[in-house]
Amino acid sequence: MVQENRGFDHYFGHLNGYRTAPPYNLPPDVDGTPANASNPSADGLSIVTPFLMNSVCLENQSPSWNESHTDYNLHNTPSATALMDGFVYISSKDDPSNGGFDPGGTRAMGYYDATALSYYYFMATNFATSDKWFSPVMTRTQPNRMYLMAGTSAGHVYLLPKGSPGLTNKTIFELLDENKISWKVYVSDSFGNPHPLGGTLFSMFTYAQGPGLQNIVPASQFLTDAANGTLPQVAMIEPGYASGTDEHPAANTPGGNIQKGAEYVSSLINGLMKSPSWSDSVFILTWDEGGGFYDHVPPMTTVKPDITPPSDLAGPPNPDICYQNATAPTCDFDYTGFRVPMILVSPFANKNSVSHVPRDYTSILKLIEKRFGLTSLTLRDAAQPDMDEFFDFVNVPWKTPPSPPVQPRTGLCYIDHLP
Numbered sequence: 000m001v002q003e004n005r006g007f008d009h010y011f012g013h014l015n016g017y018r019t020a021p022p023y024n025l026p027p028d029v030d031g032t033p034a035n036a037s038n039p040s041a042d043g044l045s046i047v048t049p050f051l052m053n054s055v056c057l058e059n060q061s062p063s064w065n066e067s068h069t070d071y072n073l074h075n076t077p078s079a080t081a082l083m084d085g086f087v088y089i090s091s092k093d094d095p096s097n098g099g100f101d102p103g104g105t106r107a108m109g110y111y112d113a114t115a116l117s118y119y120y121f122m123a124t125n126f127a128t129s130d131k132w133f134s135p136v137m138t139r140t141q142p143n144r145m146y147l148m149a150g151t152s153a154g155h156v157y158l159l160p161k162g163s164p165g166l167t168n169k170t171i172f173e174l175l176d177e178n179k180i181s182w183k184v185y186v187s188d189s190f191g192n193p194h195p196l197g198g199t200l201f202s203m204f205t206y207a208q209g210p211g212l213q214n215i216v217p218a219s220q221f222l223t224d225a226a227n228g229t230l231p232q233v234a235m236i237e238p239g240y241a242s243g244t245d246e247h248p249a250a251n252t253p254g255g256n257i258q259k260g261a262e263y264v265s266s267l268i269n270g271l272m273k274s275p276s277w278s279d280s281v282f283i284l285t286w287d288e289g290g291g292f293y294d295h296v297p298p299m300t301t302v303k304p305d306i307t308p309p310s311d312l313a314g315p316p317n318p319d320i321c322y323q324n325a326t327a328p329t330c331d332f333d334y335t336g337f338r339v340p341m342i343l344v345s346p347f348a349n350k351n352s353v354s355h356v357p358r359d360y361t362s363i364l365k366l367i368e369k370r371f372g373l374t375s376l377t378l379r380d381a382a383q384p385d386m387d388e389f390f391d392f393v394n395v396p397w398k399t400p401p402s403p404p405v406q407p408r409t410g411l412c413y414i415d416h417l418p
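For the record, in the sequence shown the residue sitting at position 166 is 165 according to numbering that gives the first Met the number 0, with numbers rising by one throughout.
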């Protein structure tokens with residue numbers, strides 16, 4: 000399950016404080032927000048340091064291609080030098096289109112802790128997590144989710160053009176069908192359409208509109224299938240894009256309530272843990288991209304999925320970053336996006352474990368491919384380290400799952416003032 004638009008430092012930058020306290024008393028082994036973290040102010044005259052958000056709602060920050068490259072290096076955007084110094088500037092620049100409530104752009108430095116996200120902090124500490132888990136590409140939702148399903152964005156760094164027939168690239172679902180492995184896409188919202196296809200970004204691929212259509216079902220079916228022990232071998236749960244359970248920051252209105260999203264996720268994971276399906280399952284929760292929120296760890300170099308370069312960059316009169324710098328270091332698909340949170344929940348998950356091995360989340364494809372003996376979709380998923388270190392299949396650490404706290408919904412929700 001992949002939620003929306005939250006970075007690692009933004010959610011888990013203060014996870015060490017939770018892990019090192021009783022009852023865990025674990026070492027501070029998470030690469031969280033450093034004490035000297037900061038960004039230049041939007042006018043460049045001062046610095047802005049991370050601060051705890053009081054509101055569980057935020058207006059949209061700007062995670063698209065140009066914005067993400069500016070986050071990476073404010074004054075030399077195509078450079079290989081990662082200064083991670085443009086988050087506040089971009090947040091301020093885009094503030095008028097996001098409601099005009101934060102002209103200084105300082106909310107890009109806001110973060111949450113266990114008070115707001117008690118369920119996630121509990122699960123990330125008891126089960127397995129990673130502090131080197133990256134989104135696949137330095138841009139917005141849709142291309143990253145293309146990577147999630149196909150190991151490539153087929154040259155796209157933006158949305159597919161309106162009226163596009165869709166991508167013909169092979170997805171993990173087509174590969175599963177070819178090998179007679181069962182799968183479903185569970186969709187949280189249907190957007191009023193008669194079929195839940197409308198609520199999944201799998202619809203970006205032509206396979207979803209043809210042979211894959213019968214495997215797309217409402218998310219309510221997930222808990223029923225779990226309780227009946229009839230879950231497919233592979234499942235993807237799409238977040239509630241329309242119902243506000245996807246944790247996406249809102250545009251212009253006090254929506255995007257992170258506690259509403261975390262509560263929804265908790266209902267799915269708790270239902271799985273209480274079901275007969277728990278004994279042989281792995282539930283991976285992550286976020287599709289960093290959302291424009293500050294993170295101190297730069298994207299990593301990686302393997303290009305194929306030979307297709309970015310193909311939908313805007314030209315003059317307002318050319319995109321990289322339009323005239325196509326050979327610049329960060330202007331192709333050989334860099335990941337920013338770090339995002341992840342939690343791996345399974346009876347086989349190593350207790351209290353933190354991976355420090357760099358991966359992007361096409362590692363999920365690699366895990367599926369290795370588990371079922373499948374070929375890789377692209378060079379990108381083939382290059383990912385496997386995920387064996389997350390598991391103990393001999394001792395089964397969580398044969399009996401823990402009892403997590405109830406995720407609160409009591410946080411204040413506003414966007415018209417700070418913090």
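Using N, Cα and C, we set each Cβ at its ideal position, and we do this for glycine too.
Given a threshold of 16 other Cβ atoms within 10 Å of its Cβ, counted over all protein chains shown, does residue i qualify as buried or as exposed?
i	result
residue 34	exposed
residue 413	exposed
residue 173	buried
residue 257	buried
residue 314	exposed
residue 300	exposed
residue 177	exposed
residue 146	buried
residue 160	exposed
residue 68	buried
residue 183	buried
residue 304	buried
residue 415	exposed
Let me know the secondary structure DSSP gives residue i once reduced to three states.
i	result
residue 127	strand
residue 54	strand
residue 39	strand
residue 16	helix
residue 378	helix
residue 111	coil
residue 87	helix
residue 1	strand
residue 264	helix
residue 121	helix
residue 286	strand
residue 277	helix
residue 64	helix
residue 73	coil
residue 411	strand
residue 100	coil
residue 159	coil
residue 392	coil
residue 174	helix
residue 373	coil
Could you check which residue in the options has the C-alpha nearest to that of residue i?
i	options	result
residue 17	115, 38, 366, 202	115
residue 38	306, 70, 342, 111	70
residue 370	390, 356, 352, 354	390
residue 397	361, 351, 331, 365	351
residue 271	411, 163, 403, 105	403
residue 105	41, 146, 156	41
residue 215	223, 232, 237	237
residue 36	97, 1, 108	108
residue 386	399, 361, 400	361
residue 227	185, 277, 246	277
residue 51	202, 321, 248, 11	11
residue 311	301, 346, 330, 183	330
residue 47	91, 22, 28	91
residue 64	245, 336, 212	336
residue 282	218, 234, 213, 243	234
residue 364	102, 381, 111, 348	381
residue 306	377, 182, 317	377
residue 332	298, 49, 345	298
residue 25	229, 15, 287	15
residue 53	88, 344, 113, 102	113
residue 142	354, 62, 285, 230	62
residue 345	399, 318, 339	399
residue 229	72, 85, 279	279
residue 125	355, 347, 418, 384	347
residue 372	318, 171, 86, 85	171
residue 219	202, 323, 239, 232	239
residue 140	324, 328, 2	2
Start-end ranges of the alpha helix (DSSP H) lying completely within the stretch 176-261, minimum 4 residues:
219-227
Report yes or no: do the stretch 280-300 and the stretch 2-17 share at least 3 C-beta pairs separated by less than 8 Å?
yes
Decide if the stretch 260-268 is in contact with the stretch 396-416; the criterion is three or more beta carbon pairs, one per stretch, under 8 Å apart.
yes
Which runs of the alpha helix (DSSP H) fall wholly inside the stretch 293-370 and span at least 4 residues, in chain order?
none
Would you call the stretch 158-173 and the stretch 198-209 touching, i.e. three or more CB-CB distances under 8 Å?
yes
Contact between the stretch 127-145 and the stretch 179-198 is defined here as three or more beta-carbon pairs at a separation below 8 Å; is this criterion met?
no
Pairs of beta-carbons, one from the stretch 71-86 and one from the stretch 145-156, closer than 8 Å: are there three or more?
no
For the stretch 84-103 against the stretch 182-190, do three or more pairs of beta-carbon atoms, one drawn from each stretch, fall closer than 8 Å, so that the two count as touching?
no
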